[in-house]
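Visitor: Take this structure first; my questions come after.
Number of protein chains: 2
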Amino acid sequence: MSLTGVPTGTEYVRRQNTGLVLRALRAHGPATRTELARRTGLAKATVGTIVAELEAARAVTQDDDSVSSGRGRPGRPVALTGESILGLGLEVNVDYVAAVALDLGGNVRVVETRPVATAGTPPSTEELIELATDVRTALMADGHTVVGATVAVPGLVAHDNRTVSWAPNLGWDGRHLAAELEEAFGADCPTTIDNDANCAALAEAAHGVTTDVSHSLYITGTIGIGAGIVQDGRLVRGGAGFAGEVGHMPIGNPSRVCGCGRMGCWEASVGLRAMLSTVGIDEEDTPLQTALAVADLAARDASTRAALATLGHELGTGLATLAAVLDPAAIVLGGYFVPLGAYVVPAAGQVLAERLPSASIHLPQIRLSSLGIHAAALGAAEDALADVYAGTLAL
Amino acid sequence: MSLTGVPTGTEYVRRQNTGLVLRALRAHGPATRTELARRTGLAKATVGTIVAELEAARAVTQDDDSVSSGRGRPGRPVALTGESILGLGLEVNVDYVAAVALDLGGNVRVVETRPVATAGTPPSTEELIELATDVRTALMADGHTVVGATVAVPGLVAHDNRTVSWAPNLGWDGRHLAAELEEAFGADCPTTIDNDANCAALAEAAHGVTTDVSHSLYITGTIGIGAGIVQDGRLVRGGAGFAGEVGHMPIGNPSRVCGCGRMGCWEASVGLRAMLSTVGIDEEDTPLQTALAVADLAARDASTRAALATLGHELGTGLATLAAVLDPAAIVLGGYFVPLGAYVVPAAGQVLAERLPSASIHLPQIRLSSLGIHAAALGAAEDALADVYAGTLAL
DNA sequence: TTGACTTAATTCAAGAGTCGTACTAAACCT
DNA sequence: AGGTTTAGTACGACTCTTGAATTAAGTCAA
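Protein chains in written order, with the UniProt record's numbering: chain A, 1 to 395; chain B, 1 to 395.
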């Protein structure tokens, strides 16, 4: 309990209220100044000056067509513009690097994916930096301003959100990735790093299936299992930034050997490899293709369906544990679970309901991710814009 | 992602900075205005006006003895006073109700415990209200101001922090406890409710063994097992307020029958009853007395020590799971674990270390609670003062 | 077509805060 | 007794929000 907080001045108030206006525009769409005053609780005069400032910063634009609501002077709505301020989201994975640019209106402006240069080896830092700088320079050439970048990494990210602590699939121990990217960008483009599950959780909360709740849990499902935890709209990161490393929880079949060498890890029961070995299918190029092949088989074969139900049972056991600890309103399954949802979710949901700590506790809903392959990159872009919506960033 | 936040004015800035000054005084003790300016980063003039305001509100007092540091005009330090502003913490348990009054300086002014009126039955709401009003009127007669009250309840508390959702040990389903207490207090004394594990976690973070970290996990150990989760100095409460209900996680010996009727709940392996049945001792009046008796036996008997080590192993399995999810810097064991720490912690720590998701992750320290029986009530009192330190409360 | 009406947006002065500078206060040192 | 040094205050400049007054821009009805 050391001293926390910084001295606050009146400019802080302006920033706070600017963020409020931006969030009001994002949450409920374009609106006149008067309507914004109603939404935010600010005085009309205040909204007026804030909107003027945002207009000068090219964050919002005046809609030309004035909207009349019957009587009186018609209002001139302002809308978040996609032309100026963008957040850049980057994603590194074992077989590709990807970039997503998101504008203030919540629209995806750019999506670019590049497969790894030499197949079989993970991408190098250079490949990521090249993609990032390419996309950024292209955007700037079009007159956009990239206010920040965030990289989603499959691995442990230190609490400073600037250093990769451990990414065994990439072989990137302890890299100062954020600093390297900032240097490559040259100019002012603050860059942070985050875990891919965290980013995906943010993406679902902002654009996916958990926009309606503020406490959610995202489960990645590939070879490893990870979690992104959202509580009160904010990510739970843990003391050192390593929260959500749920793949190696001692849950599920205790006799299964995990890739980490231990026995009984959760991902040894519900990870992709475990699923394949119970179903008896070979791995394809990507987790998603593999899952689709399994889904195909399950549609025809009852024993495959039974195996997937068993896996769903183990999945539910872990979800019940997580739900007891975190009490999420919704749990989102991502990765390979998405194509197999029909076969896995019922069993998981049943275990979840059975193991609820008390009947008074609302059963968390299990939902399937809707964002597809670029969830993490999208969440990273959202994160890059977070400072803008928070009002922290001077525009 | 709905619209969050409220309009902010300049008075908000004052409140924020007032909280900053109060926290600076709490964290590092009495100080002159100049020293406070240095600690907080505020201008000397600002500190001057804030201190004057706090003095008028009788929150701080001028130390009479001016402290000279060699040259120059000596400073006149101000200190948080214990005479005026107090937080009232209340605790309900199966066999007693307790009250703790805490002043701004962090000193406990009053501790009062009342055993349940009719032995064998849990306390009634009336007994709690009587204790609360008695203590409060006595404090007010002495000229103190009670700025708020918080009740620690062994059970589920709804997210509004005003309603008990489920307290099977008390038989208090759905009570509007906060409203009842506020009515009994009559005047202005905002009252909230919180889970006892949450309160104890707060107490340890403010006055116990986790003052040095901002991410911690508190485990209660009585008949049931609960957890209080602190992340970034704030409690993690979950979507409906039910986070930390870890007693019924499916962890540990799956063949053990839990009091809830299910199999394999964690508390069926590490709860007090489970411990007693493995050790072969009868329950005494309170969990603590029971634990002391067991500790006594363990000091002499090797098989008891072995049984406790086994229990420690199951404890460690659950802690490893929790650590993987939450990444706390420290884990605090409370309740009956405290007297048995020497026999239980080594085994638990070993499992925790073995099951760490990655070698890159810092091993959470296992610590024993230092606050004794009144941890929850103390944490409740701390919670009642939280608004003051946050600067939210007008004094 | 014109004037009343209604609603949107801006202007303006008042009030609340912080901050840096200048100034006063209170000790010690020589 | 006067100089030096540090603590605390007074004051004007600046920022920000707010409510009231004012201006702007439509509809509606006669």
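Heads up, the beta-carbon is just placed ideally off N, CA and C, and yes, glycines get one too. Keep in mind the model is a prediction, meaning the values are calculated, not measured.
For the alpha helix (DSSP H) containing residue 266/A, list its first residue and its last residue.
Guide: Taking the first residue of the first sequence as position 1, residue 266/A is located at position 266. Start and end: 266-270.
Visitor: Looking only at its chain, what residues have a beta carbon closer than 8 Å to the beta carbon of residue 51/B, apart from the 5 residues adjacent to it on each side?
Guide: Counting from 1 along the second sequence, the entry for residue 51/B is found at position 51. Cβ within range, chain order: 21, 33, 36, 60, 78.
Visitor: Roughly how far, in whole angstroms, is the beta-carbon of residue 325/B from the beta-carbon of residue 325/A, given that I think they are within contact range, below 8 Å?
Guide: Here residue 325/B is taken as the residue at index 325 of the second sequence, counted from 1. Here residue 325/A is taken as the residue at index 325 of the first sequence, counted from 1. Right, the Cβ-Cβ distance comes to about 6 Å (below 8 Å), so this counts as a contact.
Visitor: Quick check: what's the CA-CA separation for residue 321/A versus residue 258/B?
Guide: As a working mapping, residue 321/A is identified with position 321 in the first sequence. As a working mapping, residue 258/B is identified with position 258 in the second sequence. Roughly 16 Å between the two C-alpha positions.
Visitor: Mind checking the segment 350-367 of chain B against chain A and listing, in chain order, the residues whose C-beta falls within less than 7 Å of any C-beta there?
Guide: 355, 357, 358, 360, 361, 362
Visitor: Less than 9 Å between the beta carbons of residue 279/A and residue 266/A, yes or no?
Guide: On the first sequence, residue 279/A is found 279 positions in, with the first residue counted as 1. On the first sequence, residue 266/A is found 266 positions in, with the first residue counted as 1. No; because the gap between Cβ atoms is not below 9 Å, this pair is not in contact.
Visitor: Tell me the rounded alpha-carbon separation between residue 393/B and residue 204/B.
Guide: Stepping through the second sequence from its first residue, residue 393/B is reached at position 393. Stepping through the second sequence from its first residue, residue 204/B is reached at position 204. Roughly 23 Å separates the two Cα atoms.
Visitor: Given a cut-off of 9 Å, decide if residue 128/B and residue 202/B are closer than it, judged by their beta-carbon atoms.
Guide: Indexing the second sequence from 1 puts residue 202/B at position 202. Indexing the second sequence from 1 puts residue 128/B at position 128. Result no, Cβ atoms of residue 202/B and residue 128/B do not sit closer than 9 Å.
Visitor: Roughly how many whole angstroms lie between the Cα atoms of residue 122/A and residue 196/A?
Guide: Against the first sequence, residue 122/A aligns to sequence position 122. Against the first sequence, residue 196/A aligns to sequence position 196. Rounded to the nearest angstrom, the two C-alpha atoms are 16 Å apart.
Visitor: Which residues bound the alpha helix (DSSP H) around residue 90/A?
Guide: By one-based count along the first sequence, residue 90/A stands at place 90. No alpha helix (DSSP H) holds residue 90/A; the beta strand (DSSP E) holding it covers 85-92.
Visitor: Where DSSP assigns a beta bridge to residue 172/B, which residues make up the other side?
Guide: Mapped onto the second sequence, residue 172/B falls at position 172. Paired residues: none, contrary to the question.
Visitor: So with CB distances below 8 Å, who are the chain A contacts of residue 251/B?
Guide: Within the second sequence, the letter at position 251 stands for residue 251/B. Those are 250, 251, 321, listed as they occur along chain A.
Visitor: Check each candidate in 329/A, 339/A, 331/A, 282/A and name the one with the smallest Cα separation from residue 288/A.
Guide: One-based indexing of the first sequence puts residue 288/A at position 288. Answer by Cα proximity: 339/A.
Visitor: I want to verify the contact list: residues of chain A whose CB lies under 7 Å from the CB of residue 242/B, in sequence order.
Guide: By 1-based counting over the second sequence, the position of residue 242/B is 242. Neighbours of residue 242/B on chain A, chain order: 327, 361.
Visitor: Would you list, in chain order, the members of the UniProt domain "HTH marR-type" (20-62) of chain A that have their beta-carbon closer than 9 Å to a beta-carbon of chain B?
Guide: Listed by position, the residues of the UniProt domain "HTH marR-type" (20-62) of chain A near chain B (Cβ gap below 9 Å) are 20, 23, 24, 26, 27, 28, 39, 40, 41, 42, 43, 46.
Visitor: Who are the neighbours of residue 314/B on chain A, taking C-beta pairs under 8 Å?
Guide: For the purposes of this step, residue 314/B is taken as residue 314 along the second sequence, with counting starting at 1. Chain-ordered listing is empty here: chain A has no CB closer than 8 Å to the CB of residue 314/B, the nearest sitting near 11 Å.
Visitor: Could you round the C-beta distance between residue 92/B and residue 135/B to whole angstroms and report it? I think they count as a contact, below 8 Å.
Guide: Translated into the one-based positions of the second sequence, residue 92/B becomes position 92. Translated into the one-based positions of the second sequence, residue 135/B becomes position 135. Contact doesn't hold; Cβ gap of about 14 Å is too wide.
Visitor: Just list the residues that DSSP pairs residue 250/B with in beta bridges.
Guide: In the second sequence, residue 250/B corresponds to position 250, counting from 1. According to DSSP, residue 250/B bridges with 265/B.
Visitor: Using a Cβ cut-off of 8 Å, pull out every chain B residue sitting near residue 218/A, in sequence order please.
Guide: Locating residue 218/A in the first sequence gives position 218, counting from the first residue. Residues of chain B passing the Cβ test: none, with the nearest at roughly 13 Å.
Visitor: Going by DSSP, what residues sit across from residue 16/A in a beta bridge?
Guide: Sequence index remark: in the first sequence, residue 16/A carries index 16 (1-based). DSSP, once it has assigned bridges, lists no residue as partnering residue 16/A.
Visitor: With a CB to CB cut of under 6 Å and the five nearest residues on each side skipped, what residues in its chain are close to residue 114/A?
Guide: Within the first sequence, residue 114/A is the residue found at index 114, counting from 1. The residues are 97, 131.
Visitor: When the Cα of residue 315/B is compared with those of 350/B, 242/B, 174/B, 302/B, which residue comes out closest?
Guide: Along the second sequence, one-based indexing puts residue 315/B at 315. It is 350/B whose Cα lies nearest to the Cα of residue 315/B.
Visitor: Compare the C-beta of residue 165/B with all C-beta atoms of chain A and state if any pair is closer than 9 Å.
Guide: Locating residue 165/B in the second sequence gives position 165, where the first residue counts as 1. Yes - at least one Cβ of chain A is within 9 Å of the one on residue 165/B.
Visitor: By alpha-carbon positions, which one of 305/B, 150/B, 156/B ends up nearest to residue 242/B?
Guide: Locating residue 242/B in the second sequence gives position 242, counting from the first residue. The option with the nearest alpha carbon to residue 242/B is 156/B.
Visitor: What whole-angstrom Cβ distance do residue 200/B and residue 334/B have, given they're in contact under 8 Å?
Guide: As a position in the second sequence, residue 200/B is number 200, starting the count at 1. As a position in the second sequence, residue 334/B is number 334, starting the count at 1. At roughly 6 Å, the Cβ-Cβ gap stays under 8 Å, so residue 200/B and residue 334/B are in contact.
Visitor: What are the boundary residues of the beta strand (DSSP E) that includes residue 218/A?
Guide: Position 218 of the first sequence, counted from the first residue, corresponds to residue 218/A. Note, residue 218/A: beta strand (DSSP E), 216-221.
Visitor: What residues from chain A crowd round residue 236/B, counting only those whose CB sits closer than 8 Å?
Guide: Position 236 of the second sequence, counting from 1, holds the residue named residue 236/B. What residue 236/B touches in chain A: 231, 236, 326.
Visitor: Looking at the C-beta of residue 378/B, does it have a partner C-beta in chain A at a distance below 9 Å?
Guide: Working through the second sequence from its first residue, we reach residue 378/B at position 378. Among the residues facing chain A, residue 378/B is not included, as its CB has no counterpart in that chain under 9 Å away.
Visitor: Looking at C-beta atoms only, is the number of pairs between the segment 352-363 of chain A and the segment 247-256 of chain B that lie closer than 8 Å three or more?
Guide: Segments in contact, yes.
Visitor: So, for residue 389/A: in the same chain, excluding its five sequence neighbours on each side, which residues have a beta-carbon less than 8 Å away from its beta-carbon?
Guide: Counting from 1 along the first sequence, the entry for residue 389/A is found at position 389. Excluding sequence neighbours, residue 389/A sits near 19, 22, 23, 26.
Visitor: State the DSSP-derived secondary structure class of residue 296/B, mapped to helix, strand or coil.
Guide: Translated into positions along the second sequence, residue 296/B becomes position 296. Residue state, collapsed to three classes: helix.
Visitor: How about residue 161/A: is its C-beta nearer than 9 Å to some C-beta of chain B?
Guide: Translated into positions along the first sequence, residue 161/A becomes position 161. Residue 161/A is outside the set of residues whose beta carbon lies under 9 Å from a beta carbon in chain B.
Visitor: Measure from the alpha carbon of residue 368/B to the alpha carbon of each residue in 277/B, 124/B, 337/B, 377/B, then state which is nearest.
Guide: Sequence index remark: in the second sequence, residue 368/B carries index 368 (1-based). Taking only the C-alpha atoms, the option nearest residue 368/B is 337/B.
Visitor: Quick check on this structure: which residue in 188/A, 161/A, 185/A has the alpha carbon closest to the alpha carbon of residue 175/A?
Guide: By one-based count along the first sequence, residue 175/A stands at place 175. A check of alpha carbon separations from residue 175/A across 188/A, 161/A, 185/A identifies 161/A as the nearest.
Visitor: Which residue or residues does DSSP assign as beta-bridge partners of residue 115/B?
Guide: By one-based count along the second sequence, residue 115/B stands at place 115. Residue 115/B pairs with 96/B.
Visitor: List the residues of chain A whose Cβ lies closer than 9 Å to the Cβ of residue 156/B, in chain order.
Guide: Taking the second sequence and counting its residues from 1, the one referred to as residue 156/B is at position 156. Simply 357, 358, 360, 361.
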